[in-house]
Amino acid sequence: MTAPNGTAAPGWDTGYEELLRRVLPELDGITPDTDLLASGLDSLRIVELLVGLEDQYEVEIDDQVLTFETFATPGRLWSVVSDARRACARHEEN
Numbered sequence: 001m002t003a004p005n006g007t008a009a010p011g012w013d014t015g016y017e018e019l020l021r022r023v024l025p026e027l028d029g030i031t032p033d034t035d036l037l038a039s040g041l042d043s044l045r046i047v048e049l050l051v052g053l054e055d056q057y058e059v060e061i062d063d064q065v066l067t068f069e070t071f072a073t074p075g076r077l078w079s080v081v082s083d084a085r086r087a088c089a090r091h092e093e094n
């Protein structure tokens, strides 16, 4: 969700929103609860989005969390990305 001043919504960065818009250009507004599946996110776009997220944030998202529910909304997906980023940071510290 873009704030009035053009910055990303609290919780995710502009790169995340840009990636969502690149994969789903027909999205109008993006809120944490936007229904991505109803907005055209299909299995091919899920793969494109997943690869983009893993490349952009230099993480590997666990296969066990790769369900349609994970990709249902931007908020849910960002939660999974955030968890992967924290896990990666902990791994790098050790």
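According to the UniProt record's numbering, the sequence shown is numbered sequentially starting from 1.
Don't be surprised by glycine CBs; every beta carbon is placed ideally from N, CA and C.
Within the continuous alpha helix (DSSP H) that includes residue i, where are the two ends?
i   : result
I46 : S43 to Y57
V65 : Unbroken run through V65: none, as it is neither H nor E.
L19 : T14 to V23
With a threshold of 16 other CB atoms inside 10 Å of the CB of residue i, please say whether the residue is buried or exposed.
i   : result
T73 : buried
F71 : buried
A3  : Low local confidence applies: a pLDDT of 46 at A3 is under 50, so the model's placement there is unreliable, with the coordinate-based value given in what follows. Exposed: under 16 other Cβ atoms inside 10 Å.
Taking the straight line between their C-alpha atoms, what separation do you get for residue i and residue j?
i          : j   : result
V59        : L24 : 22 Å
residue 99 : L27 : Residue 99 is absent from the model: the chain starts at 1 and stops at 94.
G15        : D55 : 12 Å
P32        : R90 : 26 Å
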